[in-house]
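Read through the structure below, which is laid out as structure tokens, and then see the notes.
Residue numbers (the numbering used here): 633 to 887.
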């Protein structure tokens, strides 16, 4: 069963610099280490609702990596992972709904303290990256993958809403309706020149928006393709949008 957001992925060209600017924004950022054999390292911002932001950078060129091409287009918020208590079953359910989900794969990350974190995951391929989720199941305890430091000077306690720009709203609606057993809620977003559907998953909300005319969503699709557009972070002491330069292109707002 899908349970909520595990984490959002923010890809940056300079991981050390991104750690500094996110700390300047009031986040507690914890070094994650390097992923084995894939050319990436990360730093993590964990929240009290159990979710986290992953700041991810490449320490060597990896054009074969699923997040390399989005980095070349500007990086920022590029993907999202959902928690599940049945990885194989939920991956199969998404496949039946029409998502190009991979078979299960294993991966490891070596933390700075030497501990090796291990997990299994399935990713959305076939052009579905960033619109359909990737899914994860831990082999080592989740508490070893997700930092225990979850208090932030800016007051953020979790992820609220994720907005995803889509080209084929009908297909995306079917994916999530079948996977979640819910028809979702029709929504309109005239300020973005878009309309779509909203789904709730645990304490988190997803809004999938397709353009209805000229506007930000149509421009995003033209520049970046179907992918996450923005996210809100809940519990902040001072609500408002964060500076895109300091978030390295991730459109984040405190709420």
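Just so it is clear, CB atoms sit at the ideal spot from N, CA and C, and this is done for glycine as well.
>> So the candidates are 683, 706, 846 and 674; which of them puts its Cα closest to the Cα of residue 792?
In response: 683
> Thinking C-alpha only, which one of 844, 764, 781 and 642 is nearest residue 838?
Replying inline: Considering only alpha carbons, the answer is 764.
> What does a CB cutoff of less than 6 Å around residue 752 pick up in its chain, not counting 5 residues either side in sequence?
Replying inline: Cβ within range, chain order: 736, 738 and 769.
>> Going by DSSP in three states, residue 691 sits in which element: helix, strand or coil?
In response: Coil at residue 691, not helix or strand.
>> For the structure I just gave you, are there three or more beta carbon pairs, one from the segment 794-808 and one from the segment 776-786, closer than 8 Å?
In response: no
> Tell me which same chain residues have a C-beta within less than 8 Å of the C-beta of residue 868, skipping the five on either side of it?
Replying inline: 786, 787, 788, 886 and 887
> Going along the chain, which residues of its own chain have a beta-carbon closer than 7 Å to the beta-carbon of residue 816, five neighbours each way excluded?
Replying inline: Apart from the 5 residues on each side of it in sequence, residue 816 sits with its Cβ closer than 7 Å to the Cβ of 805, 808, 809, 829, 830 and 831 in its chain, given in chain order.
>> Classify residue 741: buried if its beta carbon has 16 or more other beta carbons within 10 angstroms, exposed otherwise.
In response: Under this definition residue 741 is a buried residue.
> For residue 693, which of 719, 646 and 635 has the nearest alpha-carbon?
Replying inline: 646
> For residue 845, which of helix, strand or coil comes out of DSSP?
Replying inline: coil
> What does a CB cutoff of less than 6 Å around residue 748 pick up in its chain, not counting 5 residues either side in sequence?
Replying inline: 740 and 742
> By Cβ distance below 6 Å, which residues in the same chain neighbour residue 755 in space, the five residues on each side in sequence not counted?
Replying inline: 734 and 766
>> Assuming contact is defined by CB atoms lying nearer than 8 Å, are residue 790 and residue 680 in contact in what I supplied?
In response: yes
> With burial defined as no fewer than 16 other Cβ atoms inside 10 Å of the residue's Cβ, what is the status of residue 773: buried or exposed?
Replying inline: exposed
> Cα-Cα, which of 662, 834 and 819 is closest to residue 745?
Replying inline: 662
>> Check this for me: beta carbons of residue 826 and residue 842, under 8 Å apart or not?
In response: yes
> Is it right to say residue 695 is buried, meaning 16 or more other beta carbons lie within 10 angstroms of its own, or is it exposed?
Replying inline: That one is exposed.
>> Assuming contact is defined by CB atoms lying nearer than 8 Å, are residue 691 and residue 677 in contact in what I supplied?
In response: no
>> Our contact map puts residue 725 next to residue 811 with C-beta atoms below 8 Å; I'd like the distance itself, whole angstroms only.
In response: 5 Å
>> Quick check on the DSSP output: the alpha helix (DSSP H) that includes residue 783 runs from which residue to which?
In response: Unbroken run through residue 783: none, as it is neither H nor E.
> Skipping 5 residues on each side, what residues in its chain have a beta carbon closer than 6 Å to that of residue 883?
Replying inline: Beyond the five residues adjoining it in sequence on each side, residue 883 comes within less than 6 Å, by CB distance, of 862 in the same chain, given in chain order.
>> Taking the straight line between their C-alpha atoms, what separation do you get for residue 794 and residue 836?
In response: 8 Å
>> Please report the distance separating the alpha-carbon of residue 659 from that of residue 760.
In response: 30 Å
> Taking the DSSP output, what are the residues bridged to residue 864?
Replying inline: Per the DSSP secondary-structure output, residue 864 pairs in a beta bridge with 885.
> Opposite residue 737 in the DSSP bridges: which residues?
Replying inline: 753
> Near residue 730, what residues of its chain come up, given a Cβ to Cβ distance below 8 Å and the 5 sequence neighbours on each side ignored?
Replying inline: 803, 806 and 807
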